[in-house]
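Please read the structure below before turning to the comments.
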Amino acid sequence: MACPTAVLTGPEERLLTALAGIEVDRNLRRDFPEELSMPSVARRLGVVRSALHKPISSLESKGLLDSIKSNVIGAPRKKTVLLITKKGLEVASNFGLIEKQTTKLNQILGRDKEIEAICRAFESPGIVVLTGLPGIGKSSVAKAVYSKLEQEKKKVCWHTGSRMTSTSSLIDSWTDIPVSENFDELGDGFDPNMVYILDEAQEIHRRHADNIRRVLENARHAKILVVTRSPSTFSSLTETLKITLEGLEIEVAARIADHLTEEQATQVAIALDGHPLAIQMWRDGDDVPIPGTPVADFISSTVLDRLDINTAQELEDLTLEPFPISRGDSLTDLSIDNLDDATILKWSGSFFESQHLIKHVKLASLDEDKVRSIHERLVDRWSKIEGFEARGHEMHHRILSGQSVSKGLAEDVFDNLGPVVASTLLSDALDNEERGDLRILSARAAIALGEAKMALRISEGLTEQADRLKIEMESFRLLGKESRFLAAEEELLGKLGEPERSQVLIRGAVRLHDDRLPGPINRDLGDKIVQRLDRIEVQVAQLDASLLASDLILRYLVASNLGDAVKAAALRSEIVGLIGEGHRRLEEIDLRLKLKSLSDVNSEDLEKKLRRTEGKHEKLRIIHWVFAAAGELSPTWAIDTHKSIFLQDNPPIRREHARIEAFSWYWRGLYDRDQRLRYWSEAAARLRLIGCSNASVKLIERIYHEVRSQRQ
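Numbering (this note's numbering), first residue to last: 43 to 754.
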């Protein structure tokens, strides 16, 4: 029964009703429909996103709603997703907001034998590879396996492969273990009681496919179903049970074509050898194919031939798109409707692509010059469309049309679509043209994905030694090889003149201070920071004002943390002389130092300061200082305030905002033990993305310690 105390306000009731009315394919797990994202929910309710913060926070506190950052179908980066809980569904049902929902077994015709064989195989660890022609029903069988296992109260996890799948995104969707290039370690992180399903594995870009294959092969204690077309790197996995789907038996195949008469259905099923998708595409008025007609020939001569000229041309465009698109992005509404009526489109929420069977047949009919001309046309189209996703499409088509990719476009894709999309596109771009700027971005994408060894391999192609050394430094830091990091840095410093040399030293000192998990600065770290700053050889007057301020502030923080009051006072006077007593940066430092002990601060004063402070990230920064001072004994008001502010959907604008968001995930994990692994895994990934490799590595160590302690 629903909790009797669950009284809903008007906004809460409207939000709960909107969410309860959305059917969620639980097979997708962390790949959720776009309709559940906060922006989509806000649009549907006709409100701005900020209007949702209060009802979301209230519904979460009542246990009726969960808000998480998750993969969204068709979106290249994570979004805030709103999920109604079981308790929320009960409340909505009891209040008459929805009909009681029930879970039904996903049943398909004629595949009982294969479904039983796969489920039986998972009585023990191992990999099952399910292959077959495009459209033969592989994904449907996988979903039926998923449903059957869930009906048997077994744990199952799903991931749909695409060009946006990397090792890190796959591991993130399957486990709470951060990605690592130690594949044995990753394999040990899989739950032996979980069945993992990887659908559409052939869609994974070659840039990531080999690493993912190695992960699967090293997961010796896991139960994994890989669904893929042949040939692909996954269809040749060794030591696996291979099941190949053939056409359905004619009697069964005829039953799936409910739009045909029994006689027509039987004739078509025989002619197309029981291929389920091809049978569904046959329309009354089409010629019945000669028995034994290859499916590809039927698609070309019948299904595609009936399309009008405009729709056929737009289908050509669609088959060359790298990612699913939505209405208004490219195709006309008329073409979308025509293609949908012909069962040619495959939908994922509000996003669509052509059925893989159609794509396979259509691409085979196009010669190289035709393909290039289509890519050129799509470059022109996407370059006129606004939005980050459009830049990803534009970059893809520029590469495959043989055009050069500007550094600005590549950086836009990296910064706004993330390292997974950037890594695949940059890999293609480097095949097209060898350029140092693209190689540097490609290496940076690898580092952001935790692939330090890959970054080192990519950096070998850099001709500028300084550029190579910078990538090596980041990679060695991520690998925890401090001696090699220091050697690379010394070599770099020897090649730089001023002011670049001083910039490297000061920024390196800032990174030493920032690249750590929350806690006081100890003597060893303080000495390292000061020793690095002491290596600056230029006169103070020659330093840029911002760099000089960073130098003095770091020394001040170290002296204050280590209890050197005399030195701290002298340094503070220098800082005041440089930036002024009332400067915002100095006020923040003073408050931060004052918050070393909560006993010295009035909680009421802190709450007032938070109310006066503008901006999500500025508020979070202050609460993080409270957390750092109080540790696991932080006051309830601070924890609750942090959670409500964190939920605000304000994207980071500056680099420091991204760092604050990364540590927000860390603090949420500290105070929410049930979700700790998920929150900390997200924090580790975000820390790595912004260059805090040491903090990421240390947090990953804590995550693995947590995993081991839970399993003991």
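Using N, Cα and C, we set each Cβ at its ideal position, and we do this for glycine too.
I513 is classed as buried because its beta carbon has at least 16 other beta carbons within 10 Å across all chains shown. The three-state reading of DSSP puts I367 in strand, counting E and B together. Here S112 carries a strand assignment [DSSP, helix/strand/coil]. DSSP, reduced to helix, strand and coil, places L287 within a strand of the structure shown. Of the residues M206, I285, R423, F164, the one whose Cα lies closest to the Cα of R153 is I285. Boundaries of the beta strand (DSSP E) harbouring W200: 197 to 202, taken from the DSSP string. Restricting attention to alpha helix (DSSP H) runs no shorter than 4 residues, the region 205 to 255 encloses them at 209 to 216, 225 to 230, ordered along the chain. Using a Cβ distance threshold of 8 Å, R697 and I664 do not count as a contacting pair. Judged by DSSP secondary structure, S676 falls outside any beta strand (DSSP E); it is assigned neither H nor E.
Counting along the chain, E77 sits inside no alpha helix (DSSP H), nor does DSSP assign it H or E at all. Residue range 393 to 396 is occupied by the beta strand (DSSP E) that includes E395. Setting aside the 5 residues that flank it on each side, I578 is surrounded in the same chain by S544, L547, each with a C-beta closer than 6 Å to its C-beta; the list follows chain order. Sequence-distant partners of E242 (beyond 5 residues in either direction) whose C-beta falls short of 6 Å from its own C-beta, in its chain, are T202, G203.
The C-beta distance from A406 to A338 rounds to 7 Å, short enough to fall under 8 Å.
For G168, the enclosing beta strand (DSSP E) has its first and last residue at 168 to 174. A contact is defined here as three or more CB-CB pairs under 8 Å, and the region 338 to 358 meets this definition with respect to the region 386 to 405. The straight-line gap separating the alpha-carbon atoms of R481 and L498 is approximately 11 Å. Shown here, K388 sits in a strand according to DSSP, grouped into three states. F518 and S100 have their C-alpha atoms some 45 Å from each other. The C-beta separation of P560 from A670 comes to about 5 Å, placing the pair in contact by the 8 Å criterion.
With a cutoff of 8 Å on beta-carbon distance, S377 and T344 are scored as not near each other.
Ranked by how close their Cα comes to the Cα of D233, the residues I219, E259, S425 have I219 in first place. In the DSSP assignment, T122 falls outside any alpha helix (DSSP H) and within the unbroken beta strand (DSSP E) covering 121 to 126. Across the set R626, G624, D632, the C-alpha of D632 shows the shortest separation from the C-alpha of A611.
Nearest C-alpha to I441 among L468, S425, E428: L468.
V268 carries a strand assignment under DSSP once its states are collapsed to helix, strand and coil.
Of the residues S215, A672, S723, R634, the one whose Cα lies closest to the Cα of K661 is R634.
Residue nearest to K185 within the set L267, G168, V221 is L267 (criterion: CA-CA distance).
If you look at L689, you'll find it isn't in any alpha helix (DSSP H); DSSP assigns it neither H nor E. The shortest C-alpha to C-alpha distance from H666 to any of R710, R510, L594, N380 is the one to R710. Here T385 is actually not in contact with Q445; their C-beta atoms are around 35 Å apart, not less than 8 Å. Spatial neighbours of V455 in its own chain (CB-CB distance under 7 Å, excluding positions within 5 residues in sequence) are listed in chain order as R433, G434, M437, V463, A464, L467. Buried is the label assigned to Q244, since at least 16 other Cβ atoms lie within 10 Å of its Cβ. Distances from the CA of D556 to each of H247, L599, G370 were compared; the closest alpha carbon is that of L599. About 4 Å separates the Cβ atoms of D315 and G289, confirming a contact at the 8 Å cut-off. Per DSSP, the unbroken alpha helix (DSSP H) holding I617 starts and ends at 607 to 621.
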